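Here is the structure we will look at.
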Amino acid sequence: MQKKLIKRLLSKSSLVFSILLVSGILAGTAIGAPMNEPLPAPNQDLTSTDQSWIWFMQRVDAPRLFYNMTNHSLRSKSGVHHIAYGGDHLYYAKFNGSDWIVETADGAFGVGQHASLALDKNQYPRISYYDAYNGALKYAYYSGSFWAGATIDRPSAAQSADVEVDLNPELGAAADQPAWRNPILQSDAEDSFLSANEANASLDPGVGLYTSIAVDGNDYVHISYYDAINKDLKYATNASGQWVTSVVDSKGTVGKYTSIDVDSSNKPHISYFDDSNTDLKYAYLSGTSWKKETVPGGAALEVGLYTSIVLDDLNRPHISYYDYTNGDLLYAHKRSGVWDLETVDSSSDVGGYSSIDLDDDDDPHISYLNFSSNNFKYAKKSGSSWDTTTVTKSGEAGTFTSLAMDKDDVPRIAYLDVSTGAMREAYLKGSSWSVRDIDHYRDVGLSTSMRMGSGDTPMISYFNDTTDDLKFSKRSGSNWPIEIVVDSGEVGSYNSLALIWNLPKIAYYDATNGDLKYANNDGAVWHYDEIATSGDVGKYPSLAMDVGGNPHVSYYDASNGDLKYSYYDNNSNMWVHQTVDSSGDVGQFTSIALTANGYPKISYYDATNKNLKFAEWNGSSWNVYAIDTAGDVGKYSSMVLGLFDTPHISYYDETNKNLNYITYTTTTGWTVTVVDDKNDVGLYTSIALDSSNQPHISYYDATNADLRFAQKVSGQWVNQAVDVTGKVGRFTSLVLDSSGVPLIAYYDETNGDLKLASGYIADKKLFLPLQPDS
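Quick note on our numbering: the sequence shown kicks off at 30 and runs consecutively.
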């Protein structure tokens with residue numbers, strides 16, 4: 030598992046988004062306050078002026094998100110502890126003696142990964158970090174009264190048009206997903222799709238990844254970082270009174286996992302990874318030129334990942350790093366011009382996310398991840414040997430470790446527990462470790478399902494992937510109160526919302542037990558019921574309510590590979606279960622709707638034959654049809670019934686990477702239309718009909734990681750990008766209000782947020798009463 034992770038880190042395999050270039054370099058700009066996101070331009074393809082949608086985005090649920098911290102995120106000086114981290118914004122926390130106090134250092138979106146912290150003479154924090162929206166290196170500092178900062182390096186204007194940013198170059202404890210991503214959110218078919226597209230993605234990320242910062246004796250700043258466009262190790266400093274950037278090493282692919290320290294002469298020393306030769310390298314500034322050398326480690330070994338460097342009182346480098354070939358934690362120390370190499374720990378697959386610091390006697394202390402157990406360890410040198418101990422033994426703790434020795438020579442280690450979303454500090458108290466929380470991240474907005482209530486009030490059910498909770502929000506004025514519907518076990522990764530009498534009802538999957546369950550809100554509290562519990566059932570649920578208030582649910586029985594249907598019978602006060610289709614592996618991506626007489630119709634995917642299928646109840650039995658068989662089609666189906674109970678279905682054509690639409694008429698039968706064939710589009714579709722029976726579809730552009738929208742105007746399909754800022758647009762859910770204005774709930778993966786896009790008709794000056802981000 031972890032070997033696969035490292036191989037993936039050495040490659041460039043992550044979905045991408047197009048970069049938005051902001052010209053110029055900011056200098057001394059106050060950056061503490063959040064900034065508005067840029068709004069996409071109106072769709073230029075739409076020719077009907079009364080349907081030219083301008084989109085406004087709002088964050089419904091936007092908790093803190095952070096990941097990809099560095100080995101120098103934590104610092105301790107004069108008994109005061111500081112840490113920098115981020116992902117959706119840049120955060121800074123300071124320990125006040127009893128609690129960690131968190132503040133936002135940079136409120137821009139998509140910033141804060143690879144945050145590295147140093148302290149100046151006044152113990153004011155200086156932070157280098159990555160701007161994922163712009164593929165740029167940023168710098169923030171505290172002036173004593175406010176936060177200010179600058180963009181130090183960015184892609185050139187010539188590069189910017191084709192630059193695509195790898196948001197997650199280092200993915201933590203999971204092999205194929207970011208550290209907080211839950212694998213149950215994807216079917217095998219979907220996971221295969223994502224893996225294939227990630228492997229084929231052509232990535233040219235920006236500059237500023239793997240940053241590391243140090244402050245010299247004159248309070249000048251030194252930053253090492255990776256330029257992924259040119260695959261170089263770069264260096265930035267303000268020692269001349271202004272920011273100057275330079276290339277340190279450009280031989281091959283070099284510069285990942287950088288770590289920097291400065292010597293007593295204010296000269297920088299950098300450890301880093303040589304990707305081309307899989308070696309550990311070391312560079313230092315001698316006079317005005319850089320001296321570079323490969324740390325000996327054996328020609329056949331792959332070493333040098335997760336490097337961390339510190340200089341001792343004699344300006345000698347000490348480096349901890351990972352031996353990928355053998356799965357060991359290694360240590361290199363240069364004395365009298367010769368490198369001493371030692372194996373610190375070879376007990377299992379260990380050495381990830383290493384962080385090193387020295388005590389007052391210049392003895393090294395190292396924190397690092399045990400890949401085999403997903404827990405982290407601590408090592409210190411005692412004489413000529415190393416003492417190692419496991420600090421944590423529960424959860425998945427130890428990703429992104431950062432170690433700092435305090436004024437009493439007590440090791441303090443910041444780390445991330447991805448099983449709970451907690452960033453914690455462990456410190457040695459006597460002979461035992463004490464742990465306290467610094468902060469918590471939350472990744473929300475997956476598996477969204479939205480319905481429009483009375484008074485054009487949108488309601489959304491969705492999944493909190495960090496804590497595995499089912500959540501619900503209903504707009505109240507300009508606010509979105511958040512409720513946790515279910516928090517026991519791993520629940521809600523698949524969910525479907527429906528309304529009856531303006532009350533929310535949710536069918537959802539309990540992944541802990543493999544059950545299909547039902548949450549029923551009576552206007553005051555939630556009530557819960559089990560729908561189906563035999564085997565692994567309940568993925569891809571779709572819920573509809575009949576006029577009598579009875580729920581009807583279609584879903585996938587993974588144990589048997591069947592499409593199932595259940596409804597609640599008020600007469601018997603029981604759930605009635607039916608197998609709709611058992612011919613092969615069928616039933617993923619279900620979507621249900623009820624006819625005027627309460628009969629269910631269901632669209633779904635046939636994984637055996639790779640077809641889009643349709644089932645309808647005729648009053649006594651199910652009629653089942655394969656309605657599109659041209660290639661691998663039918664994933665992400667979404668269905669709504671129009672006039673005369675006519676089905677309208679949107680879905681993904683994986684063979685051609687298109688968004689398709691199909692409907693039925695008595696004259697032509699089932700008719701397939703390609704709605705969008707630009708790029709790889711059509712995943713996570715959601716369909717709605719307006720008052721004129723015209724279809725509208727929201728969907729995901731996997732090529733650009735954008736949210737898109739299509740509608741039928743005067744018999745023609747027109748489409749536009751809705752949100753292009755970051756990696757956005759999975760798990761779309763579309764509704765129209767009473768005026769026909771579209772609203773789309775969706776997931777912002779860059780920032781881990783639930784977002785809502787609402788349309789504005791330019792010539793009619795019609796606004797939905799929602800506020801853009803502020």
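Glycine is no exception: its CB is placed at the ideal position from the N, C-alpha and C atoms. Given the structure is predicted, the values throughout are model-derived calculations rather than measurements.
I'd like to know whether the C-beta atoms of F618 and Y654 end up nearer to each other than 7 Å.
Cβ atoms of F618 and Y654: not closer than 7 Å.
Under 7 Å Cβ to Cβ from T608, same chain only, skipping five residues before and after it: list those, please.
So the list reads D591, K593, once near-sequence residues are dropped.
Mapping the DSSP letters down to three states, classify L343 as helix, strand or coil.
Three-state DSSP puts L343 in coil, outside helix and strand.
Take the Cβ of R93 as the centre, count every other Cβ of all protein chains shown within 10 Å, and call the residue buried at 16 or more, exposed below.
Buried is the call here.
For F400, does the three-state DSSP call read helix, strand or coil?
Residue state, collapsed to three classes: coil.
Comparing alpha-carbon positions, which option in P487, D391, D472 lies nearest T495?
Checked all of P487, D391, D472; the closest Cα to T495 is D472.
Just the C-alpha distance for A540 and K546, rounded to the nearest angstrom, thanks.
Their backbone Cα atoms lie some 10 Å apart in a straight line.
Less than 8 Å between the CB atoms is what I'm expecting for G134 and Y121, so what's the real figure, rounded?
Gly is not the amino acid found at residue 134; the sequence shown has Ala there. A134 to Y121, Cβ: 4 Å. Contact.
Please list the segments of the beta strand (DSSP E) lying wholly inside the stretch 643–723, counting only runs of 3 or more residues, in order along the chain.
Complete beta strand (DSSP E) runs here, min 3: 651–657, 662–670, 676–682, 687–694, 698–705, 710–718.
Could you check how far apart the C-beta atoms of L343 and A408 are, in whole angstroms? I think they sit under 8 Å.
That pair is no contact at about 22 Å.
Note down the Cα distance separating M64 from D117, rounded to an integer number of angstroms.
Only weak support exists for where M64 lies, its pLDDT of 33 falling under 50; the value from the coordinates is given anyway. For M64 and D117, the distance between alpha carbons rounds to 12 Å.
In the DSSP assignment, find the unbroken beta strand (DSSP E) run with F501 in it and report its ends.
Where F501 is concerned, the enclosing beta strand (DSSP E) stretches over 498–503.
Pull up the CB-CB distance for A341 and L387, whole angstroms please, since I reckon it's below 8 Å.
Note that residue 341 corresponds to Asp in the displayed sequence, not to Ala. Going by Cβ atoms, the distance from D341 to L387 rounds to 6 Å, so yes, they are a contact pair.
Could you spell out the range, first to last residue, of the beta strand (DSSP E) harbouring W843?
The requested residue 843 is not part of the displayed model; the chain covers only 30 to 803.
Does the Cβ of Q152 have 16 or more other Cβ atoms within 10 Å, making it buried, or fewer, making it exposed?
Answer is exposed; the Cβ neighbour count stays below 16.
N600 to D128, Cα distance in whole Å?
Approximately 57 Å between the Cα atoms of the pair.
State the Cα-Cα distance for the pair L166 and Q142, rounded to the nearest angstrom.
Looking at the two C-alpha atoms, the distance is approximately 10 Å.
Buried or exposed: where does W530 fall if 16 or more other Cβ atoms within 10 Å of its Cβ makes it buried?
Under this definition W530 is an exposed residue.
Where does D261 sit, in a helix, a strand or coil, going by DSSP?
DSSP places D261 in strand when its eight states are reduced to three.
Kindly indicate which three-state DSSP category K123 falls into: helix, strand or coil?
Strand.
Mind reading off the beta-carbon distance from Y690 to R759? Whole number of angstroms is fine, and I expect it under 8 Å.
Wrong, their Cβ atoms sit about 20 Å apart, outside the cutoff.
So, with DSSP's three-state summary, where would you put A328?
Of the three classes helix, strand and coil, the one that applies to A328 here is coil, per DSSP.
With 16 other CB atoms within 10 Å as the buried threshold, where does F302 fall?
Buried.
For W530, which three-state DSSP category applies?
Residue state, collapsed to three classes: coil.
Do you know how far the Cα of T754 is from the Cα of P67?
Annotation note: pLDDT 35 at P67 (below 50); position unreliable, coordinate value reported separately. Roughly 8 Å separates the two Cα atoms.
Since I believe L783 is in contact with G474 (beta carbons under 8 Å), could you give me their beta-carbon distance rounded to a whole number of angstroms?
Sure, about 3 Å apart at Cβ, within 8 Å.
Per DSSP, T133 forms a beta bridge with which residues?
According to DSSP, which records beta bridges pairwise, T133 is partnered with Y120.
With DSSP as the reference, label Q271 as helix, strand or coil.
If DSSP states are grouped into helix, strand and coil, Q271 belongs with coil.
F429 and N97 look like a contact to me (Cβ under 8 Å); what is the Cβ gap, rounded to whole Å?
Indeed, because the Cβ distance is near 7 Å, the residues count as touching under 8 Å.
According to DSSP, which residues form a beta bridge with R93?
In DSSP, R93 forms no bridge with anything.
Return the Cβ separation of N652 and A644 in integer angstroms, given the expectation that the two are a contact with Cβ distance under 8 Å.
That belief holds up - the Cβ atoms of N652 and A644 are roughly 7 Å apart, short of 8 Å.
List the residues that DSSP assigns as beta-bridge partners of R364.
According to DSSP, which records beta bridges pairwise, R364 is partnered with V367.
How about the stretch 695–715 and the stretch 666–684: do they share at least three Cβ pairs that are nearer than 8 Å?
At 8 Å Cβ cutoff, the stretches touch.
For S768 and N722, I'd like the C-alpha separation in whole angstroms.
S768 and N722: Cα-Cα distance of roughly 14 Å.
Using the Cβ count rule (16 or more neighbours within 10 Å means buried), how would you classify M452?
The residue is buried, with at least 16 neighbouring Cβ atoms inside 10 Å.
Mind checking whether S715 and L641 have CB atoms under 7 Å apart?
Going by C-beta atoms, S715 is not nearer than 7 Å to L641.
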